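Residue numbers (this note's numbering): 1 to 62.
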């Protein structure tokens, strides 16, 4: 399996581009067959959600 270097790490602050909701990455929810991230588990002010990786924008990096 390929090394996964493009995953967002736990604690990364993000915004959902579909609705502008902020959240924090908790981990990867699902992978595509090729090994790339399909969706992330995200903690928001409303609880835990699963966001599509294509709708996730990083708002800060450490």
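Each residue gets a CB set at the ideal place from its N, CA and C atoms; glycine is no exception.
Remember, predicted model here, so these are calculated numbers, not experimental data.
Asked	Found
Terminal residues of the beta strand (DSSP E) in which residue 49 lies	47-52
CB of residue 24 within 8 Å of CB of residue 9, strictly	no
Span separating the alpha-carbon of residue 53 from that of residue 47	18 Å
Residues sharing a beta bridge with residue 25, DSSP	42
Own chain partners of residue 15 with C-beta closer than 6 Å, once the 5 adjacent residues on each side are dropped	22, 57 and 59
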